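Numbering-wise (numbering that gives the first Met the number 0), the sequence shown opens with residue 0 and increments by one. Glycine included, every Cβ here is placed at the ideal spot set by N, Cα and C. Bear in mind that the values here come from a model prediction, so they are computed numbers and not experimental data. Scroll down for the structure; my scribbles are underneath it.
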Amino acid sequence: MARRSDMPTDTRSANGGLVFAETTDGLVLPVIDVTHPDFAVPDDPASLAAQRDAFIEWDRRNRRIPQFITLLLMQMAATRSRLLRAVVQSDASYLDSISTYVMKLGDKHLPPGFDGPMDRRIASAPHVPLLRLRMQQIAKLLAQALIEPLKRTSNVPLHFINIGGGPALDSINAVILLNRSHADLLKRPIVIHVLDSQPDGPAFGARALAALAATGGPLHGLDTKFQHRTYDWNDTAILKSFLAEDVPRDAVTAVSSEGGLFEYGGDNAVVSNLAVLRHASVAIVAGSVTSSSALRKRMIAQTRFRLYPRGLEGFAPLAEQAGYDVAKAWPAVFSDQVLLRPAA
0 MARRSDMPTD TRSANGGLVF AETTDGLVLP VIDVTHPDFA VPDDPASLAA
50 QRDAFIEWDR RNRRIPQFIT LLLMQMAATR SRLLRAVVQS DASYLDSIST
100 YVMKLGDKHL PPGFDGPMDR RIASAPHVPL LRLRMQQIAK LLAQALIEPL
150 KRTSNVPLHF INIGGGPALD SINAVILLNR SHADLLKRPI VIHVLDSQPD
200 GPAFGARALA ALAATGGPLH GLDTKFQHRT YDWNDTAILK SFLAEDVPRD
250 AVTAVSSEGG LFEYGGDNAV VSNLAVLRHA SVAIVAGSVT SSSALRKRMI
300 AQTRFRLYPR GLEGFAPLAE QAGYDVAKAW PAVFSDQVLL RPAA
């Protein structure tokens with residue numbers, strides 16, 4: 000396993016132009032760039048339909064085996080797979096951010112220690128590209144929503160706020176997308192704030208952003224910063240003070256939560272966080288909402304994770320309570336990615 004002392008000073012790969020960063024545990028991982036061919040997921044209607052069909056067929060095959068046998072086999076297989084161990088043996092109610100990130104890499108880019116035959120089998124499952132698609136869609140929603148406010152304000156800073164976002168690769172990829180299509184709009188200070196209860200994901204995100212901004216990286220030359228603040232979304236007092244003290248009133252601000260607040264947060268947490276953002280006049284909020292389909296509920300039942308499969312029909316009323324409308328929703332089979340706008 001590579002450690003920091005083993006890492007080259009140039010974080011770019013000699014093959015394929017990938018950028019690498021290190022976790023606090025010493026894993027050297029490629030930084031997911033949704034514009035790179037290795038990580039981009041086709042999201043046209045035909046491709047989405049094919050992904051859905053592949054996922055449904057995968058689920059149909061698995062359902063032929065009785066559930067108690069499936070759970071037993073998963074427990075046995077977990078002894079040979081760090082990825083599966085994180086899913087089935089975790090005492091937490093959520094999958095930790097680094098394991099989630101490694102799974103998003105797919106079987107081609109698994110690091111040492113996560114690259115056994117069983118790990119590769121898991122990382123090649125049809126739901127893995129859907130995790131990247133979830134991140135890609137939120138990054139696109141953010142980038143598209145930011146173009147007009149950035150055009151109107153040439154000198155003010157751009158602040159991303161990522162709630163429960165771990166390494167915040169959705170925010171980082173929004174910057175990558177904007178830099179490719181509207182680089183002139185990013186000639187300003189850019190700050191990515193991560194509000195997360197755990198430090199490991201944000202620590203990797205900070206190193207990933209630094210690697211992307213290094214010489215030769217896709218964000219080289221931009222004025223970027225990455226900041227982490229410990230946050231429990233069940234106590235919004237910190238969010239209120241953070242918005243008042245750390246985000247300039249004239250800043251262009253975009254909030255996101257990929258695989259976070261809208262999926263793992265209870266109803267009260269979702270409404271109270273959105274209400275604080277609405278009171279602060281935040282006009283761009285994006286996040287992922289767990290599907291309410293029977294298929295998705297079966298997947299959740301096989302883990303200890305406390306996901307809320309609300310679907311759009313259960314989420315939209317919560318957003319409305321806080322003063323937001325669902326302005327746009329993009330599907331990714333087991334989640335929908337939403338863009339919220341202040342209600343009229």
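What runs of the beta strand (DSSP E), each 3 residues or longer, lie entirely inside the stretch 279 to 314? 284 to 289
When you compare the CB positions of K239 and V275, do they come within less than 9 Å of one another, or not? A contact, by the Cβ cut-off of 9 Å.
By the DSSP assignment, the beta strand (DSSP E) with E257 in it spans what residues? According to the DSSP assignment, E257 belongs to no beta strand (DSSP E), since it is labelled neither H nor E.
Note the first and the last residue of the continuous alpha helix (DSSP H) segment covering P198. Unbroken run through P198: none, as it is neither H nor E.
If you run the structure through DSSP and keep just helix, strand and coil, what is P316? helix
Buried or exposed, going by whether 16 or more other CB atoms sit within 10 Å of the CB of D169? Label assigned to D169: buried.
I'd like the span of the beta strand (DSSP E) that includes R228, first residue to last. T223 to R228
Take the Cβ of N154 as the centre, count every other Cβ of all protein chains shown within 10 Å, and call the residue buried at 16 or more, exposed below. It is exposed - the Cβ of N154 has fewer than 16 other Cβ atoms within 10 Å.
Tell me, to the nearest whole angstrom, how far the beta carbon of A173 is from that of A210; I am working on the premise that it is less than 8 Å. Contact doesn't hold; Cβ gap of about 17 Å is too wide.
Let me check one thing: in DSSP terms, what residues is A20 bridge-paired to? L28
What are the partner residues of V337, as DSSP defines its beta bridges? G286 and A328
When the distance is taken between beta carbons, is S291 closer than 9 Å to P341? In terms of Cβ geometry, P341 and S291 do not form a close pair [threshold 9 Å].
Proximity to S334 [Cα-Cα], best of R151, L317, D324 and K296: K296
Tell me whether H158 sits in a helix, a strand or coil according to DSSP, three-state version. strand
Please classify G112 as buried or exposed, where buried requires at least 16 neighbouring CB atoms within 10 angstroms. exposed
Per-residue burial, H108 [other beta carbons within 10 Å of its own, 16 or more giving buried]: buried
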